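Below: one structure, written as structure tokens.
Protein chains: 2
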Amino acid sequence: MNQIQSYISEHKSRFLNELIELLKIPSISADSAFKNDVLKTAETVKTSLEKAGCSKVEICETAGYPIVYGEKIIDKNLPTILVYGHYDVQPPDPIELWDSPPFEPVIKPTDKHPDGAIFARGACDDKGQMYMHVKAMEFMTATNQLPCNVKFMIEGEEEVGSANLATFVKNNHDKLKNDVILISDTGMIANDVPSITTGLRGLSYVEVELTGPNRDLHSGLYGGAVANPINVLTKMIASLHDENNRITIPGFYDKVEELSQAERKEMAKAPFSLESYQKALDIEAVYGEKGYSTNERNSIRPTLDVNGIWGGYIGEGAKTVIPSKAYAKISMRLVPHQDWEEITQRFKTHFESIAPKGVNIKVNPHHGGQGYVTPIDSIGYQAASKAYKEAFGKTPIPQRSGGSIPIVALFEKELKSKTILMGFGLDSDAIHSPNEHFGVWNYLKGIGTIPLFYKHFTALSK
Amino acid sequence: MNQIQSYISEHKSRFLNELIELLKIPSISADSAFKNDVLKTAETVKTSLEKAGCSKVEICETAGYPIVYGEKIIDKNLPTILVYGHYDVQPPDPIELWDSPPFEPVIKPTDKHPDGAIFARGACDDKGQMYMHVKAMEFMTATNQLPCNVKFMIEGEEEVGSANLATFVKNNHDKLKNDVILISDTGMIANDVPSITTGLRGLSYVEVELTGPNRDLHSGLYGGAVANPINVLTKMIASLHDENNRITIPGFYDKVEELSQAERKEMAKAPFSLESYQKALDIEAVYGEKGYSTNERNSIRPTLDVNGIWGGYIGEGAKTVIPSKAYAKISMRLVPHQDWEEITQRFKTHFESIAPKGVNIKVNPHHGGQGYVTPIDSIGYQAASKAYKEAFGKTPIPQRSGGSIPIVALFEKELKSKTILMGFGLDSDAIHSPNEHFGVWNYLKGIGTIPLFYKHFTALSK
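The listed protein sequences derive, respectively, from chains A and B.
For the first sequence, UniProt numbering gives the first residue as 1, with consecutive numbering after it.
For the second sequence, UniProt numbering gives the first residue as 1, with consecutive numbering after it.
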């Protein structure tokens, strides 16, 4: 493809400003207080797709937040790429830990991003990475170099489990028909170590509510005589891991894919410094399942983490109370072959079974999704690998990610096509954390790499 | 004493209205947002003591909230009773569980209080019970029947550990010189089963802060590879009790007073129905230290309860985060001979020792106090017993309470006098809980019983 670099340098500041405007809208799907902002973001995405050259763009209503669909079909005989992304973002809290307001984007240099990074909630996950595709599309249409058909499906509920996307996909097989699905919602190892994510973990997210006495009690008059819901909840949660940090839910590991020593050796080749990993997090030691390395623990092994816990008096000062209720949000990351609905059921059954007499337990399944693995011998992967080689001058490393994009497994099931995960963010970009950011270099590099995937995929498809 | 009943019935509605006005002021000492209300409450108490006939009343400043002091010395040769109470209240949350606003008192009948109960935060603990003494004083002075000297010391920091009362007491031995200390901040078994509290538990209250990674992390990218502060905190807290619900802190039980079988038999005589106890709390079963009855567990045995826990995402919806920090407020109820400062140190040492590598733990001691036992052969106890016999027509049962009034032990140490705990509330009055209330009958009965204590104590002191 010609003129990619010249086009990017020419329009660089506009590319940045458009993204900054998008990041200013607090599209927090988890909090209904931001409903209008989420809807406004969908409209903004729609307009951007029209400007980028899509011939047909529409806001598709769902039971929840709408899906923005756009397409440009140039020739029925050419392959079709379906681009997926999301315009919603994680809640920004703890807000006090942000150095600048999460929805007032600023560009500042960092160690990893000497050319500057855009600091804002959603900068990397996923507004920034989604918008790379919009700008790549603009380049290809503006320079008449779009080599194949393209479809965009940008949703607004990824951060809350894509509850309504499944229905939309099931009901729109023809509309979404494609030869490969392209997603940028993952990361790469480093700016000089390009990598492509070939595996994702599944997810099961539940919320538990434990009820003891029917009212808050004075811990002096009742302490020691009735089950304290917080004490009990800590015991129940603690018992979910054994002394080797293995999860104790019966049958939890039954279907876990066990990698061969050869595969584990291959994985171990990815550059990794435990020292700098620990230094970056200010921790003295790592912690996890016995018998596995850090990179294995966060990619090929399933996990169980409490994402939130609360109960009793959490205000200033002291209150000697035994609360009536205690709560926790718990998520399990699953690996290929584990079925998230089965695991959710196993969790529910087990957690209810370990509740002592004197308390009532409610387990509310929140959402979930299956894990996924991309075959590296597929045309899609080969095209992506060539694109990186051309853009970065290096062959990318295939890498398993610990994250989850539940809908990837759904896409394969419903649309019968493979997904390629071309992520340009870095682990240090603090997605889901305060001070989330996305490198300016990475943003522009993504815009420059995506059209090369289009080119190679079209060529390899012939 | 003459005309007690007639005086009470004559002034009943005023007695109730004055208390209701006092209850309208949200004197929440734990929350600095209510500072002005706490101070206003002190002023109101001061005025009420003046009107009740104290010859000298003053607001004594402290490093925290002031202590209201009042006295009436009629004859240096007569005994002196020191009345202690507190004008601060517990925070009202969870506010949504109140049937009526906590600081808009209403009088409604209940099963246990057919004549009506005053519903408001502080109705029983301790504004209502403290104000009984003010009105008893009014009766005795108005009818020229005050048989001895009286001093009042009403503080505003009881619900946050009486941090500054100790200094005040230490610096005012002469001012506070007395022959017996009288407190109504406990309960009795039932309106037809009067009892006097002869034992109190001590308290050690700590707050723990656990820090893992230096920022919140994405639970997909880091889950399983780094210590999750919430998972770790639940494991650490869970380990504080063994399978018999005994506390595992080394040395915790070393100084615990072990009651003889005879004493335990005596205690077991107090009327108690496990069925109605469970029914009142809507629990299927009680829960506690193996080998002890419910009444023993909440009175003569030490306990460890989590009063509050929080960490991670606790808002609406889901957030897949590994938080940087997790917190808990933990209190231990202690029994006679356990030293609260020693136990606090033992907790700190043990809790820090069980923290795994990869997390940092901070234990912040909050406040505490020693347990206490009143000898039933003392003049004070005998006088109280006679007063109840005269007012209720029944000899009161001596009873150990699970609650703590840390300053009682301090009083004995500093002022060398015994404390008599004449409580008129019921366990069902929901102190420290939503819908706290105090029976109108109990309020008036208290006002009628207190002067009889003055009479008998003066007589027995001759």
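The beta carbon of each residue, even a glycine, is placed where N, CA and C say it ideally should be.
These numbers were taken from a predicted model, which means no experiment stands behind them.
Given a threshold of 16 other Cβ atoms within 10 Å of its Cβ, counted over all protein chains shown, does residue i qualify as buried or as exposed?
i: Leu274 (chain A); result: exposed
i: His350 (chain A); result: buried
i: Pro109 (chain B); result: exposed
i: Ser48 (chain B); result: buried
i: residue 464 (chain A); result: Residue coverage of chain A in this structure runs from 1 to 462, which leaves residue 464 (chain A) outside it and unanswerable.
i: Phe272 (chain A); result: exposed
i: Thr41 (chain B); result: buried
i: Asp88 (chain A); result: buried
i: Lys413 (chain A); result: exposed
i: Lys269 (chain A); result: exposed
i: Lys462 (chain B); result: exposed
i: Ser250 (chain B); result: Residue 250 (chain B) is actually Pro in this sequence, not Ser. Exposed, by the Cβ-count rule.
i: residue 464 (chain B); result: Residue 464 (chain B) lies beyond the range of chain B shown here (1 to 462); nothing can be said about it.
i: His133 (chain B); result: buried
i: Gly369 (chain A); result: buried
i: His437 (chain B); result: buried
i: Pro434 (chain A); result: buried
i: Lys279 (chain B); result: exposed
i: Arg14 (chain A); result: exposed
i: His173 (chain B); result: exposed
Rounded C-beta distance between residue i and residue j? I'm assuming under 8 angstroms.
i: His432 (chain A); j: Tyr205 (chain A); result: That belief does not hold up - the Cβ atoms of His432 (chain A) and Tyr205 (chain A) are roughly 13 angstroms apart, past 8 angstroms.
i: Lys418 (chain B); j: Ser378 (chain B); result: 5 angstroms
i: Asp115 (chain B); j: Gly423 (chain B); result: Their Cβ separation, rounded to whole angstroms, is 19 angstroms, which puts Asp115 (chain B) and Gly423 (chain B) out of contact at 8 angstroms.
i: Gly202 (chain B); j: Trp98 (chain B); result: Actually they do not touch by this definition, with Cβ atoms about 30 angstroms apart.
i: Ile450 (chain A); j: Ala117 (chain A); result: With a Cβ gap of about 20 angstroms, Ile450 (chain A) and Ala117 (chain A) do not count as contacting.
i: residue 529 (chain A); j: Asn178 (chain A); result: Any answer about residue 529 (chain A) is impossible in this case: the structure gives chain A only from 1 up to 462.
i: Pro101 (chain B); j: Ala123 (chain B); result: Contact doesn't hold; Cβ gap of about 13 angstroms is too wide.
i: Ile376 (chain B); j: Pro398 (chain B); result: 5 angstroms
In the structure shown, what three-state DSSP assignment does residue i receive?
i: Val169 (chain B); result: helix
i: Glu159 (chain B); result: helix
i: Ser195 (chain A); result: strand
i: residue 496 (chain B); result: In the structure as shown, chain B begins at 1 and stops at 462. Residue 496 (chain B) is therefore absent and cannot be evaluated.
i: Leu82 (chain B); result: strand
i: Thr110 (chain A); result: coil
i: Glu71 (chain A); result: strand
i: Met130 (chain A); result: helix
i: His11 (chain B); result: helix
i: Pro398 (chain B); result: strand
i: Ile431 (chain A); result: coil
i: Pro365 (chain A); result: strand
i: Asn360 (chain B); result: strand
i: Asn2 (chain B); result: coil
Cβ of residue i less than 8 angstroms from any chain A Cβ?
i: residue 465 (chain B); result: In the structure as shown, chain B begins at 1 and stops at 462. Residue 465 (chain B) is therefore absent and cannot be evaluated.
i: Ile196 (chain B); result: no
i: Trp441 (chain B); result: no
i: Ser404 (chain B); result: yes
i: Thr141 (chain B); result: no
i: Gln90 (chain B); result: yes
i: Asp427 (chain B); result: yes
i: Ile237 (chain B); result: yes
i: His241 (chain B); result: yes
i: Leu221 (chain B); result: yes
Should residue i be flagged as near chain B, meaning a C-beta pair shorter than 8 angstroms?
i: Gly368 (chain A); result: no
i: Ile283 (chain A); result: yes
i: Ala430 (chain A); result: yes
i: Val306 (chain A); result: yes
i: Val286 (chain A); result: yes
i: Glu289 (chain A); result: yes
i: Val45 (chain A); result: no
i: Ile322 (chain A); result: yes
i: Trp310 (chain A); result: yes
i: Arg301 (chain A); result: yes
i: Glu316 (chain A); result: yes
Is any non-hydrogen atom of the ligand COA found closer than 7 angstroms to the C-beta of residue i, if you look at the structure I gave you?
i: Gly448 (chain B); result: Only the bare structure without any ligand can be found here, which leaves the ligand COA out of the picture.
Counting only C-beta atoms, is residue i closer than 8 angstroms to chain E at any point?
i: Arg333 (chain B); result: Among the protein chains in the structure shown, which are A and B, there is no chain E.
key: Inside the UniProt domain "Peptidase M20 dimerisation" (199-358) of chain B only - beta strand (DSSP E) runs reaching at least 3 residues   = 202-211, 303-312 and 325-334
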